[in-house]
Structure formats: structure tokens, C-alpha cells
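Right, one structure below, let's go through it.
Protein chains in written order, with full-length UniProt numbering: chain A, 1 to 533; chain B, 1 to 572.
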């Protein structure tokens with residue numbers, strides 16, 4: 001201690017109880033901010049920046065990033081919450097709430113003179129037990145069950161959008177995942193494109209079985225809509241350019257230079273000609289069409305040639321769309337035009353362009369057996385679009401989690417209640433002071449149902465009494481937010497992800513223990529933590 | 001026409017960019033204004049190279065920079081990240097239709113717009129008012145904002161780069177890294193790498209760039225302005241990496257600059273090591289990812305010879321960035337000149353070059369050196385006989401750690417001179433410029449192996465929002481006066497309307513001290529056994545091998561320039 005001050009006399013040092021109270025205050029501060037977000041009855045926050053930019057969110061993770069968090073403890077918790085989001089896509093608000101509550105419960109006992117180490121020992125025991133309970137509590141979903149998936153994604157979406165919209169979006173999410181999942185139920189969510197269109201009313205959001213690109217053909221003579229189209233997906237430059245290797249042109253006269261330039265041009269023209277030849281070979285009658293989608297550039301001269309041959313060409317497609325395209329339409333992406341033949345072509349029944357101001361969208365629809373899909377979101381404002389996008393992500397992640405966990409957990413606070421009961425029983429079996437920590441952990445878990453109840457406008461204590469009274473119930477008891485009474489979570493159709501709860505228990509316990517065990521805090525170099533006093 | 005897409009990463013880079021686009025906007029304005037000088041009306045510069053034509057959902061045409069800016073959250077001050085051109089309904093529909101529950105509003109105090117921004121929006125309202133022929137009374141009653149007040153207000157208080165920007169940007173242009181605030185710790189390479197990967201920032205930024213590139217029929221290259229003093233260099237490296245991946249044939253020209261005020265605070269030894277390592281790592285990484293790198297950023301711009309006719313306050317980014325932006329404008333002018341055939345000579349421009357051409361010229365010839373020194377004469381001296389001797393001498397480097405008086409017989413350089421004057425404020429013709437430069441080379445002691453000249457009659461226009469940085473020797477048209485003007489020693493846009501500029505990019509051994517110091521620092525703090533900074537590099541995500549690779553890149557650059565390669569691994 002004194003040695004530290006020897007090294008840096010300006011360092012600001014906080015010790016023992018002081019350090020602890022800094023940590024606890026930070027955690028509780030965050031908890032207060034995010035508390036009102038939790039659950040389907042939580043509150044949306046509309047953030048208006050100094051420049052008038054609007055963002056609306058209810059997502060704990062987004063909010064944490066919008067706040068300029070200065071407090072180091074709060075910063076640490078925010079990181080845990082971000083990790084929760086990255087791993088599971090949900091439970092960010094719960095993370096903050098649970099860490100805050102764990103610290104609050106611990107504080108009660110520590111101020112009575114209990115050593116923090118004893119508390120954390122209890123926490124660790126309780127966490128292990130709670131994970132056991134979670135494993136017993138989960139409901140296995142080995143088979144693909146649309147009903148359950150719908151409920152899970154509705155549970156996630158209802159916390160973010162209105163009931164009616166949630167039902168609609170949940171259908172879209174489940175359908176989208178159904179399209180992209182492979183035989184072993186593996187899901188790569190990147191294969192779902194989410195496209196935003198700022199337009200009309202948001203109930204227009206829809207699932208496109210196929211792909212929507214956010215750009216269109218760049219030649220006035222190309223058709224705006226074609227049917228019965230072959231799709232060539234390629235990654236080949238159709239742009240005249242000087243070679244990028246360090247070899248300049250060497251020429252003596254202007255004519256010689258012209259000749260070299262035209263030779264280069266011819267090189268590109270030959271590539272274009274190969275596409276045109278292929279088109280002529282496959283489009284045997286006028287009802288068939290041909291669309292080229294290139295990841296690299298296509299210059300005006302090439303576009304011109306293609307347009308004359310009746311081919312629709314789209315350039316600079318997103319890298320990820322190259323993969324999605326072949327999954328949606330079939331065919332193979334082509335990196336060179338050597339041996340170009342019909343086997344690499346995909347097919348789409350309809351390809352058409354939609355123009356909105358300067359924005360162009362190209363719809364590729366009516367495809368056979370798509371393995372990729374697009375969710376098209378429409379809303380009148382940019383902030384509403386972003387809100388929809390965040391919600392859709394949550395809905396998709398929830399479904400993906402079920403498929404990879406092969407299980408779900410009854411929601412509406414049912415798990416926390418069940419774990420509380422089990423932990424109070426478990427507490428009796430533990431000898432020594434660690435049982436106080438177990439007790440504290442059990443109490444802290446109740447913050448989730450309590451907050452759900454109070455956000456819905458019910459008295460948290462009343463609700464707890466009602467819920468805990470159903471102790472001997474055989475069904476998972478959760479809170480019905482419409483009535484404030486206890487109810488069977490499965491009947492309510494509220495399901496959470498197993499992995500979310502698991503991660504929540506692990507990370508909250510870890511962060512809380514780390515914070516509790518801090519008994520000295522030193523801050524040097526930057527301005528003081530406590531500010532001017 | 002060959003398009004250029006501009007990228008600005010980091011706060012200081014956006015300061016430079018803001019000045020740069022102000023110049024372009026001024027050029028556009030002057031070309032249309034009936035009162036302006038002939039050189040502005042007919043400059044034969046193709047602005048479409050930098051700008052794009054668009055259309056709002058209401059069908060109004062727009063003309064906006066083809067640019068992607070990346071910066072901290074909240075760094076846009078009172079300007080909305082979506083710009084103001086594409087706002088359809090002035091934010092009246094605040095009700096949330098997607099949510100039936102409770103909504104609470106947390107509004108930050110609206111940031112006060114400074115006098116300049118107020119006057120801009122007033123001007124626009126006036127235009128609308130005139131078109132609709134209403135509310136004229138209302139406008140007249142408001143006190144006119146005087147230009148003088150605006151200049152003074154900007155002089156005393158510029159906090160954000162948007163404070164002095166008069167340009168409308170496309171909604172896709174301005175990207176804020178949400179969750180990353182300016183007051184956060186963001187001062188090293190490692191942090192920037194993380195920031196790019198987190199929160200899908202990387203993907204979103206790539207998408208923004210793709211939006212602009214997809215529109216280009218035939219892109220000539222990407223000019224990238226990077227503030228490489230902190231985390232933004234790591235972020236840019238990641239960004240450039242994905243560009244190299246996605247657009248392998250598009251040349252990237254990197255202009256990395258830094259704020260002189262940063263150099264002023266020197267903290268403890270640990271900080272110094274971190275700083276030195278950061279500089280070495282970021283330079284090595286960034287140079288790998290572009291075709292030509294132009295490092296600028298003097299530790300003290302005010303005391304440098306490059307600003308001998310200017311009075312700069314180093315602590316103000318508003319000041320120093322104006323100089324770097326002017327230089328950027330000058331050396332990038334040839335990209336916009338119309339390529340004329342060998343026989344037809346334009347009377348306004350000569351020596352057009354595309355980005356590929358400049359890369360070939362400087363870095364692609366016998367010596368493959370892609371680190372380029374930028375020299376500037378701001379304002380350029382007159383071409384009259386007496387001053388000719390000093391013409392080359394007036395070009396002073398903006399690149400730090402450059403050796404003076406180096407005899408390099410293999411040097412390659414390209415000069416860009418625009419708006420040059422002969423005696424008095426007489427504009428020089430293109431041929432006069434050519435002759436003067438030729439004469440200057442003849443009189444100088446050493447002559448580069450190869451040189452190229454781009455010239456234009458159009459000087460650098462000084463827009464209203466420009467700092468008071470001109471000294472007493474600079475006249476109204478940027479000519480250097482014989483006798484200093486009496487009165488205030490700080491002169492800005494009201495007194496000086498345009499200036500002639502000369503810049504020179506050179507590939508020369510003079511850059512060796514710069515490279516060697518980077519290499520030396522990397523070896524001393526990062527590679528040597530027991531190096532103090534090794535754990536630091538590890539925390540930035542560089543394994544031992546990767547650090548050695550970085551060193552390899554730097555030592556290769558040094559070796560290219562050294563006639564006798566004796567600099568091989570002497571660290572063992």
C-alpha cells in the first residue's frame with residue numbers, strides 16, 4: 001500500500017469498504033437506469049441527440065452503448081452485458097439487473113461484518129446448484145417444433161414490438177430460419193439478408209423467398225423486370241483497367257499507345273462476349289432471360305454490350321450476397337470465364353427492380369427450393385427501421401438458440417422462482433457461513449420476476465407473495481403480466497432460451513464475485529474518480 | 001471521367017476533410033457566381049470526379065461529396081448524421097407506431113449552433129422564402145449576421161469539425177461509431193482494431209463505401225485521409241484490409257496526418273514507449289495496405305518553415321488542418337484535370353494525372369519506394385525573375401523527420417502549381433509556369449531523375465469559414481508583398497480571397513530518417529530480447545512473428561532507399 005504511494009504519490013487510492021461501495025454504487029446506478037426496460041411491459045426509451053438525431057431502443061446493450069459510461073465498475077458490467085449479447089443475443093438487461101442485485105444483497109451482509117470472501121463462496125455454491133436446477137428445468141426439443149419456435153420468438157419480439165407486430169414478425173422469423181436451416185438443424189443467420197426500406201407503414205414487413213439487392217442495373221436500356229431468368233453469379237472484373245502489377249505501358253508514338261489501349265479493351269470485351277455467347281446458348285426462345293450479378297465492377301462499355309444482347313447486369317454485389325445468391329437460386333459462383341457453361345447458372349422466376357428516389361432495389365424471387373431468404377423491413381422513419389431490425393435480430397437469435405440448445409426454458413420468471421425454491425432447500429444442507437451467500441444469491445434471483453411485475457404496474461411484493469405461494473405446484477409457475485397473478489408459463493406460451501439463462505448465471509456470478517473481492521482501488525494518471533468534493 | 005471516393009477516418013482527418021470540402025464547395029459556388037473571376041468560372045476541373053449526383057425521394061436533385069467519414073459518436077456536434085438534404089418530413093412523426101407500451105424520452109440539450117451555422121440555415125430559409133414568396137417580413141426583422149462576426153466566432157470557438165463546414169453531405173456519408181465516445185481511451189493501435197470488429201461497425205462501414213463505389217462507372221482510386229495518432233489507425237488498417245480484399249484493382253492513396261497539439265504533452269516513459277510503438281506499428285501496417293503513403297504532421301507546424309508566411313496556433317486543429325487540407329487539395333488537383341490528347345493543350349490546365357499514374361510515377365519506377373514526402377509552398381511565391389531562385393526553396397516539407405539538403409540522384413517528383421502569379425498579382429499562364437519551373441530546376445544544384453508538373457490557373461479559393469492564419473506578407477490574392485501590411489497580423493478569408501499554391505510529392509532518400517526512427521523504435525521497444533514494449537504489442541494482438549513481420553516491412557522500405565544494404569538485422 002504505502003509502496004504504491006511511494007511509486008506514485010498522486011495516485012488516488014480507495015480501500016476496503018470504500019472500494020466496495022464504489023463498486024456497488026456503480027452497479028446499482030446502472031441497474032436503476034435499465035430496470036424499466038425489462039419485459040414486454042417495459043418502457044421504450046427514445047434518445048434524442050444534441051443534433052436532433054433520434055434513436056429508440058429498449059435493448060439494454062444498445063442503451064449501455066448510448067450512455068457515456070465513465071464509472072469504471074459500470075463499464076465492466078457493460079462489457080459483461082455486451083458479451084452476453086454477443087454470445088446469446090438476449091438477456092443484456094437481465095445481466096445488469098442481476099449483477100446489481102447480487103451486489104446489493106451482498107452489501108447487506110458485508111456491512112454486518114461478513115467477509116466478502118465468504119459471500120462469494122456462497123455465491124459459487126449457489127450458482128452451481130442453480131445451473132443444476134436449470135438443467136432439470138429445461139424442456140427438451142429434439143425435434144423441430146414450429147409451435148415452440150413461434151412461441152420463443154414471440155417471447156423475444158414481444159419485449160421489443162407491439163403484440164400484433166410481434167406475431168407477424170415471429171412468423172417471418174420462423175419461416176426464414178426454416179428456409180435456411182440444413183438437415184441437422186444448423187443455422188447460419190448470415191444467410192438471411194435483412195433489407196430496410198424507408199417507406200409507408202411498418203406492417204408491410206415481409207419475407208422474400210429469394211434475395212433483395214440494394215442496387216440495380218446501371219444501364220438505361222436494361223429491362224426493369226424479367227421473368228424466367230437464368231442467373232449468372234460471378235466475381236470477374238468487367239472493367240477496363242491498366243494492369244495493377246508494376247508494368248507500365250511502354251510506347252513511342254501516340255498510335256502505339258492507342259493500340260495498346262485497344263488491346264487491353266479487347267481483353268475485357270472477350271470476357272463480355274463469353275457471357276453473351278452463353279446467354280445465346282441457353283436462352284433458346286424469347287421467354288427466357290438472362291441476369292448477370294457480378295461482385296466486381298462493370299464499366300459502361302461492357303454494360304452497353306450486355307444491354308444490346310438483352311442481358312440484365314448488376315455490378316458490385318455485396319460479397320455475402322454472392323453466397324446467398326447461389327443458395328437462393330442455385331448455380332455456382334464463377335471466378336473466371338474459362339469453360340463457362342450452363343451448369344453454373346441459377347434460376348429465378350422473377351427479377352424486377354423497385355425504385356425509391358435514388359435508391360434501387362432488385363428483387364430476385366420465385367426461386368426453386370431456396371436456402372437463403374430476405375426479410376424486407378418497411379417503416380416510415382429511419383429510427384423505426386433500426387428498431388425493427390434490432391427486434392428481428394432478437395427473434396432470429398432466439399430461434400437459432402433453440403435449435404442449437406435443443407431445449408427451451410419456461411419464461412415469465414418461472415425459472416427464477418423455481419431456482420429460488422431449490423436454493424432455499426439447498427441452503428439448509430450447507431454448514432457454515434457460506435449458507436448466507438447461498439441465501440443472498442437466491443434472493444437476488446427474484447429481481448427478475450419482481451422487475452417484470454413492477455414494470456407491468458403491479459406491486460412487486462404482492463406478486464412475489466402470489467408466486468411463491470405456488471411452491472408445491474407441479475408446473476413451472478411464472479407471472480401473468482396481464483393479471484399480475486401466478487400462471488403456468490407453458491400455458492402462457494412464454495419461453496426463454498436455455499443458453500441465455502446459463503450464460504446469465506455464469507457471467508453475473510463471476511462479475512459480482514470479482515467486484516466484491518476488490519478491496520483496493522487505485523487510479524492514477526487520469527482525473528480522480530470521485531470528482532471534486 | 002474517373003471517379004474518386006474519399007475516406008476520412010478519425011477526428012483530425014475529418015477536420016482536414018471539412019476544410020477540403022469547403023474549398024470544393026467554394027469552387028462550385030464561384031463557378032456559378034456572376035461576379036467571380038474568370039479563373040474560377042472556367043477552371044476546366046471536373047468536379048464530378050469527387051461529387052455524385054443524386055435525387056431525394058421527393059425528386060429534388062442533389063450534388064454531394066462521394067465520401068465516407070468515420071468518427072466518434074457525438075463528434076458531429078449540432079449536425080445530424082443523416083445530413084439535412086434527404087429529410088422528408090421535418091421530424092414531426094415522433095410517435096412510435098411499432099410499440100404500444102410506455103415510451104420515455106431522453107433528449108439531450110440541443111447543441112447550440114454557432115453563428116456560422118445559423119447564418120447558413122438562414123440563407124437556406126431565405127431561398128425557400130423567396131421561392132414561396134412569403135414571410136419576407138420575418139426574415140428582414142432578424143438581424144443580419146455579419147461575415148466579420150462569423151469569422152471571429154469561428155476563430156474563438158471551433159469544437160467539432162462540423163462547426164465550420166458549409167457542405168451538404170449524403171446520408172450515407174457520415175458514420176458515427178456508436179458506443180465509442182471522444183473522451184474515451186482510444187489512443188493506440190490495438191483499441192482501434194477491436195472497435196472495427198465490434199458492433200458490426202466494420203460491416204456497416206464497408207457497406208457505406210460500397211454504396212459509393214457501386215455508382216462509379218470507372219473508379220480511378222480511393223483517397224484516404226487518416227488520423228493515425230490513435231486508435232483510428234488500427235481501425236483504418238482493418239478498413240483498408242477489407243478494401244484491398246474487396247477492390248483489389250482500385251489504388252488507394254493514403255494521406256495520414258496528425259494533430260500537432262498532440263505532440264505537446266509528453267508524459268512518462270511508459271507513455272512514450274507506447275507512443276513510439278504505436279507510430280511504428282501503425283505506419284508499417286498502413287503502408288502495407290495502400291499503393292502510396294503520404295505521411296504528414298509536423299510536431300510543431302507553427303514553428304516550421306512550411307508556415308513561414310502563416311501564423312498558426314498549433315493547439316487549434318481548426319488552424320493546422322487548414323494547411324493540410326490546402327496541400328491535399330493542391331496535390332490532388334491533377335486527378336480532376338481533364339485528360340487532353342497530346343495535341344490539344346488546354347489553356348487552364350496541364351499535366352493531368354490519374355491516381356494510378358501518380359502511383360506509377362512515384363512508386364512504380366526503378367526504385368519501388370511508396371513513402372512520399374509532401375512539400376508545400378503556401379502561398380506559392382511569385383514567378384517573377386528575382387524570386388525564381390527561391391521558388392524551389394519555398395517548398396517546405398509537411399512530412400516530419402525529413403533530412404534537408406540530401407543529394408539524391410534517383411529522386412522522382414511531381415509538382416502541382418495552381419493559380420501562380422507573376423509580378424504583382426498578375427496571374428501567370430500555364431506556359432509561364434512551365435518555363436519558370438524549368439528555369440528553377442536549371443538553376444538548382446541537384447535535379448531529380450524524373451519530374452512531372454501539373455499546373456492550373458485556378459488558385460485556392462479561401463472560403464468564409466477559414467481560420468485567420470495569413471501573416472502580414474500575404475496580399476488579397478495571395479501574392480507575397482514586399483512590405484508588410486499594417487494592422488492586424490492575423491488575416492483570414494475577409495482579407496485574402498484566394499492564394500496560389502504549390503505542392504510537391506517526392507520520392508527521395510530524404511525520408512530515410514523518418515523510416516529509420518520508426519524501425520529503430522520498433523526494434524528497440526518491440527523486437528529485441530527483453531524489449532520493454534513486447535507485452536504491450538501482445539495486448540494489441542500482435543504475436544512475436546507478426547511483430548517481426550512489421551519490422552520486416554519497415555526494413556524493406558529502408559533498404560529500398562539505401563544504396564548499400566548494410567542495415568540488415570543488426571539487432572542480434
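Using N, Cα and C, we set each Cβ at its ideal position, and we do this for glycine too.
Only counting the same chain, and skipping five residues up and downstream in sequence, which positions put a Cβ closer than 7 Å to that of residue i?
i: residue 406 of chain A; result: 140, 141, 142
i: residue 279 of chain A; result: 290, 309, 311
i: residue 582 of chain B; result: Nothing can be reported for residue 582 of chain B: it is not among the residues displayed for chain B, which extend from 1 to 572.
i: residue 361 of chain B; result: 412, 414, 452
i: residue 399 of chain A; result: 149, 152, 153, 173, 174, 177
So which residues on chain B does residue i lean against when the C-beta distance must stay under 7 Å?
i: residue 72 of chain A; result: Within 7 Å Cβ-Cβ: nothing; residue 72 of chain A doesn't reach chain B, min ~11 Å.
i: residue 41 of chain A; result: 101
i: residue 215 of chain A; result: 214
If you drop the 5 nearest sequence neighbours on each side, which residues of the same chain put their C-beta closer than 6 Å to that of residue i?
i: residue 330 of chain B; result: 416, 501, 503
i: residue 305 of chain A; result: 272
i: residue 30 of chain A; result: 74, 77, 96
i: residue 351 of chain A; result: 226, 229, 291, 364
i: residue 67 of chain B; result: 6, 173
i: residue 377 of chain B; result: 394, 395, 502
In chain A, which residues lie less than 8 Å from residue i when you measure between Cβ atoms?
i: residue 507 of chain B; result: What residue 507 of chain B touches in chain A: nothing, since even the nearest Cβ is about 14 Å away.
i: residue 106 of chain B; result: 45, 46, 47, 48
i: residue 82 of chain B; result: 53, 382
i: residue 210 of chain B; result: 316, 318
Ordered along the chain, which non-local residues of its own chain (more than five positions away) have a Cβ less than 8 Å from that of residue i?
i: residue 424 of chain A; result: 439, 442
i: residue 578 of chain B; result: Absent from the model: residue 578 of chain B. The displayed extent of chain B is 1 to 572, so no value can be given.
On a CA-only basis, which of the options is nearest residue i? Give me that one, please.
i: residue 343 of chain A; options: A:333, A:428, A:161; result: A:333
i: residue 288 of chain A; options: A:324, A:223, A:256; result: A:223
i: residue 408 of chain B; options: B:113, B:512, B:117, B:278; result: B:512
i: residue 464 of chain B; options: B:24, B:9, B:237, B:13; result: B:24
i: residue 296 of chain B; options: B:217, B:550, B:271, B:279; result: B:279
DSSP beta-bridge partners for residue i?
i: residue 198 of chain A; result: A:379
i: residue 55 of chain B; result: B:61
i: residue 221 of chain B; result: B:4
i: residue 234 of chain A; result: A:294, A:334
i: residue 326 of chain A; result: For residue 326 of chain A, which the question treats as bridged, DSSP gives no partner whatsoever.
i: residue 46 of chain A; result: A:56, B:105
i: residue 226 of chain A; result: A:351
Can you tell me whether residue i is buried or exposed, with buried defined as 16 or more other CB within 10 angstroms of its CB?
i: residue 311 of chain A; result: buried
i: residue 495 of chain A; result: buried
i: residue 250 of chain B; result: buried
i: residue 516 of chain A; result: buried
i: residue 418 of chain A; result: buried
i: residue 347 of chain B; result: exposed
i: residue 537 of chain B; result: buried
i: residue 459 of chain B; result: buried
i: residue 294 of chain A; result: buried
i: residue 197 of chain B; result: exposed
i: residue 356 of chain A; result: exposed
i: residue 144 of chain A; result: exposed
i: residue 141 of chain B; result: Any answer about residue 141 of chain B is weak, because its pLDDT of 42 lies below 50 and its placement is not dependable; what the coordinates show is given next. Classification for residue 141 of chain B: exposed.
Whose Cβ in chain A lies nearer than 9 Å to the Cβ of residue i?
i: residue 56 of chain B; result: 357, 358
i: residue 350 of chain B; result: The contacting residues do not exist; residue 350 of chain B stays about 17 Å from chain A at best.
i: residue 77 of chain B; result: 50, 51
i: residue 204 of chain B; result: The premise fails here: residue 204 of chain B is roughly 11 Å from chain A at the closest Cβ pair, so nothing lies under 9 Å.
Anything in chain B within Cβ reach of residue i, meaning under 8 Å, just list it in chain order.
i: residue 299 of chain A; result: 217, 218
Residues of chain A with CB closer than 7 Å to the CB of residue i, please, in chain order.
i: residue 179 of chain B; result: 65
i: residue 323 of chain B; result: Under the 7 Å cutoff, chain A gives no residues; its nearest Cβ is about 28 Å from residue 323 of chain B.
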